[in-house]
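Residue numbers (my numbering): 4 to 175.
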């Protein structure tokens, strides 16, 4: 279902930004935000495989967070945050595996949800869908493109990086 996947993905970004912005708060609260961000990302992927595309942008945002010194968090804290996100991703994945394992259906689940899609003869290329979106809704497509360009240009500013503005920009 796409709706839960979108909700989980948006919660992923919200919690990631809250984790980045919780600099002055307790470490346990920051860890919780990053852990829940990972849980939401894995939940989005388990809800709809389309979230794997968003996961690529999310991974890029996590790498940006790790290597951008303008965020205002030490490298050690940023690396620790990535580990908490990773642990959060493992929780729903682990629960799902534990559900299918006793039913002897784990390999079927993995095959039918991930491996089978990789074996499709027809590869997915987004260009046709992007052209279709511009033909059907040129106004919203142009507004979306302008918003993406503006958000990307703002990434150069220190205060935007410190607020975590890179997460939604890189995830789209």
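C-beta: ideal position from N, C-alpha, C; glycine also. Since we're looking at a predicted model, the values are computed, not measured.
For residue i, is the classification buried or exposed, using 16 other Cβ atoms within 10 angstroms of its Cβ as the cut-off for buried?
| i | result |
| --- | --- |
| residue 36 | buried |
| residue 57 | buried |
| residue 31 | exposed |
| residue 122 | exposed |
| residue 95 | buried |
With a CB to CB cut of under 7 Å and the five nearest residues on each side skipped, what residues in its chain are close to residue i?
| i | result |
| --- | --- |
| residue 137 | 144 |
| residue 99 | 49 |
| residue 75 | 26, 165 |
What is the rounded straight-line gap between the Cα of residue i and the Cα of residue j?
| i | j | result |
| --- | --- | --- |
| residue 113 | residue 162 | 42 Å |
| residue 67 | residue 25 | 17 Å |
| residue 20 | residue 168 | 8 Å |
| residue 120 | residue 97 | 21 Å |
| residue 53 | residue 29 | 35 Å |
| residue 131 | residue 93 | 34 Å |
| residue 110 | residue 84 | 31 Å |
| residue 135 | residue 80 | 43 Å |
| residue 118 | residue 101 | 19 Å |
| residue 115 | residue 8 | 18 Å |
Between which two residues does the alpha helix (DSSP H) carrying residue i extend?
| i | result |
| --- | --- |
| residue 97 | 78-103 |
| residue 62 | 54-70 |
| residue 166 | 161-166 |
| residue 155 | 141-157 |
| residue 21 | 5-24 |
Spatial neighbours of residue i within its chain, please: C-beta separation below 8 Å, excluding the five flanking residues on both sides.
| i | result |
| --- | --- |
| residue 73 | 161, 164, 165 |
Within its chain, find whatever has a CB closer than 6 Å to the CB of residue i; leave out the 5 residues flanking it on each side and keep chain order.
| i | result |
| --- | --- |
| residue 5 | 51 |
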